[in-house]
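For the sequence shown, the working numbering assigns the number 1256 to the initial residue and increments by one for each residue that follows. Step one of this worksheet: look at the structure below.
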Amino acid sequence: MKKHRGLLIATISLTVLFAIALSFRVPQRVYGRFFQKPDSGPLCTYELKNFKFHYQKETATPSIVMFGNSLIDYGDWKTILGREDVINRGIAGDQTYCMCERLQYLTSLNAKIWFIEGGINNIGMSPEGILGNYAEIVQFVKNENAVPVINLVLHIGKNAGNKFTAFKDYETVNSRVDALNKLLTGYAQENGINIIDLNPLLTDKEGLLKDEFTTDGVHLTDKAYKLWGNEIDKLLESHNIQQPSQRAISSNN
C-alpha cells in the first residue's frame, strides 16, 4: 500500500511540474535537461522564472541586449544607460557553455547591439574552451544582424573567497582571467570586434578588484556600474545607436 501511495505522489508531483513548465512556456529540449543524468555532461538548468523572460521583451523596440551572468543580471541597465531600449538577459551563476544553450531562445530580437559578458563562473575550464563559447555567441549575434561587443572578464578581489570558495585562490583565478582575456583580445582584433576592458578602471596596481567597486570581491557597486555604463555609451555613440524616439526624430529632420 505504501508503495502505491508513493508512486501516486510521485506521479502527481511530475504532473504538476509538467503543468508549471507548460504555463511558463519552457522549451521542451531544455525542460528535459532537468532530468539529464549527472554523468552525461554539464547541466544547464535554471529556475523557471529564468525561462519566462526569454519570451517577454521589457520593451517593444529593443536596441541593446545585455547578455551574461550575474554582473549583467544585477545591473539596472535602463537606469545605468538612461534609455528604455535595453533588455537584460543575464542570469546569475550562468556559464558560457550554458549561455550558448540559451541562444536558440533569443532569436529575432531585432536588437542592434549585444554586450556579451561571461566566463568567471567557469574559469576553471580551458581558456580555449571558453573562447570557443564566445566565438559561438559572436557568430550568433552576427547572424542576427547585430553588433557583438565582448566585455573582457573582470578580475576578482582579494576577499572574493570569503563568500565564494571557488575563488579562495584569487591569484590563480586572476591569472586564468588574464590568459582568457589575452585570447579574447586577440580574437576580437582578428575579427574586428569591439571590446570593453573594465580592469584598468576597476582594479588596483596588483590587478585586484578595488573594494570601492565591489560588494563581495566579485559583484559590483553602483559606482562600478556607472563606469561600465560610460564605456557602453562610447560604443553606442560610435555605432550611432540611438533610442527609437531619437531615430524617429532624426528621420523626420
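Cβ atoms here follow ideal geometry from the backbone N, Cα and C, with glycine treated the same way.
Which runs of the alpha helix (DSSP H) at least 4 residues long sit entirely within the stretch 1372-1418? Give them in chain order. 1382-1398
Report the three-state DSSP secondary structure of I1346 (helix, strand or coil). The sequence position of residue 1346 within the sequence shown is 91, counting from 1. Here I1346 sits in coil by DSSP.
Is the CB-CB distance between C1355 and E1391 below 8 Å? Numbered from 1 along the sequence shown, position 100 holds the residue referred to as residue 1355. Numbered from 1 along the sequence shown, position 136 holds the residue referred to as residue 1391. Against a cut-off of 8 Å, the Cβ pair of E1391 and C1355 comes out as a contact.
Cross-strand partners of T1458 (DSSP beta bridge): Here the question's residue 1458 lines up with position 203 in the sequence shown. Its beta-bridge partners are L1464.
Can you tell me the Cβ-Cβ gap for A1415 and D1349, rounded? I've got them flagged as a contact below 8 Å. Here residue 1415 is taken as the residue at index 160 of the sequence shown, counted from 1. Here residue 1349 is taken as the residue at index 94 of the sequence shown, counted from 1. Wrong, their Cβ atoms sit about 18 Å apart, outside the cutoff.
Pairwise C-alpha distance: L1326 and I1451: Start at 1 with the first residue of the sequence shown, and residue 1451 comes out as number 196. Start at 1 with the first residue of the sequence shown, and residue 1326 comes out as number 71. Cα to Cα, the separation comes out at about 14 Å.
Can you tell me whether DSSP reads N1429 as helix, strand or coil? Position 174 of the sequence shown holds residue 1429. Look at N1429 here: in three-state DSSP terms it is helix.
Here's a check: name, in chain order, each residue in its chain whose Cβ is nearer than 6 Å to the Cβ of G1412, leaving out the five neighbours to either side. Working through the sequence shown from its first residue, we reach residue 1412 at position 157. Closer than 6 Å at the Cβ level, and outside the excluded window around G1412, lie L1463, L1464, T1469 and G1472.
Using beta-carbon positions only, say whether G1496 and K1367 come within less than 8 Å of one another. Counting from one through the sequence shown, the residue named residue 1496 turns up at place 241. Counting from one through the sequence shown, the residue named residue 1367 turns up at place 112. Reading off the sequence shown, one finds Ile at residue 1496, where the question assumed Gly. For I1496 and K1367, yes; Cβs fall inside 8 Å.
By how many angstroms is the C-alpha of T1458 removed from the C-alpha of E1467? Stepping through the sequence shown from its first residue, residue 1467 is reached at position 212. Stepping through the sequence shown from its first residue, residue 1458 is reached at position 203. Approximately 10 Å, taken between the alpha carbons.
Let me confirm a value: G1447 is counted as buried when at least 16 other C-beta atoms fall within 10 Å, else exposed. Which label applies? Translated into positions along the sequence shown, residue 1447 becomes position 192. Exposed, since its Cβ has fewer than 16 Cβ neighbours within 10 Å.
Under the three-state DSSP convention, the category N1495 falls into: Within the sequence shown, numbered from 1, the residue matching residue 1495 stands at position 240. Looking at N1495 - three-state DSSP - the assignment turns out to be coil, as it is neither helix nor strand.
Whole-angstrom C-beta distance between K1481 and I1335, which should lie under 8 Å: Residue numbering aside, residue 1335 sits at position 80 when the sequence shown is read from its first letter. Residue numbering aside, residue 1481 sits at position 226 when the sequence shown is read from its first letter. Indeed they touch by this definition, with Cβ atoms about 7 Å apart.
Any chance the stretch 1418-1436 sits against the stretch 1396-1405, with 3 or more Cβ pairs inside 8 Å? In this structure the stretch 1418-1436 does not lie against the stretch 1396-1405, because fewer than three pairs of beta carbons, one per stretch, are closer than 8 Å.
Backbone CA spacing between I1346 and T1300 [nearest angstrom]: The residue you call residue 1346 lines up with position 91 of the sequence shown. The residue you call residue 1300 lines up with position 45 of the sequence shown. In a straight line, the C-alpha of I1346 is about 11 Å away from that of T1300.
Assuming the contact rule is C-beta atoms closer than 8 Å, I1405 and Y1389 should be a hit. Round their C-beta distance to whole Å, please. Within the sequence shown, residue 1405 is the residue found at index 150, counting from 1. Within the sequence shown, residue 1389 is the residue found at index 134, counting from 1. Confirmed, Cβ separation roughly 6 Å.
Quick check: what's the CA-CA separation for R1357 versus E1339? Numbered from 1 along the sequence shown, position 102 holds the residue referred to as residue 1357. Numbered from 1 along the sequence shown, position 84 holds the residue referred to as residue 1339. R1357 and E1339: Cα-Cα distance of roughly 23 Å.
Roughly how many angstroms lie between the CA atoms of S1381 and L1409, to the nearest whole one? Taking the first residue of the sequence shown as 1, we reach residue 1381 at position 126. Taking the first residue of the sequence shown as 1, we reach residue 1409 at position 154. About 17 Å.
CA-CA distance, N1436 and Q1311? The sequence position of residue 1436 within the sequence shown is 181, counting from 1. The sequence position of residue 1311 within the sequence shown is 56, counting from 1. Roughly 32 Å between the two C-alpha positions.
Skipping 5 residues on each side, what residues in its chain have a beta carbon closer than 7 Å to that of H1494? The residue labelled residue 1494 in the question sits at position 239 within the sequence shown. Same-chain partners within the cutoff: I1368 and V1402.
Buried or exposed for S1363, please, with buried defined as at least 16 other CB atoms from any protein chain shown within 10 angstroms of its CB. Counted from its first residue, the sequence shown places residue 1363 at position 108. By the neighbour-count rule (16 or more Cβ atoms within 10 Å), S1363 is not buried but exposed.
Reducing DSSP to helix, strand and coil, say where G1323 ends up. As a first step, residue 1323 is located in the sequence shown; it is residue number 68 there, counting from the start. Looking at G1323 - three-state DSSP - the assignment turns out to be strand.
Distance between Y1425 and G1296 (C-alpha atoms, nearest Å): Against the sequence shown, residue 1296 aligns to sequence position 41. Against the sequence shown, residue 1425 aligns to sequence position 170. Because the pLDDT at G1296 is just 42, under 50, the model does not fix this residue reliably, and the point stays unresolved.
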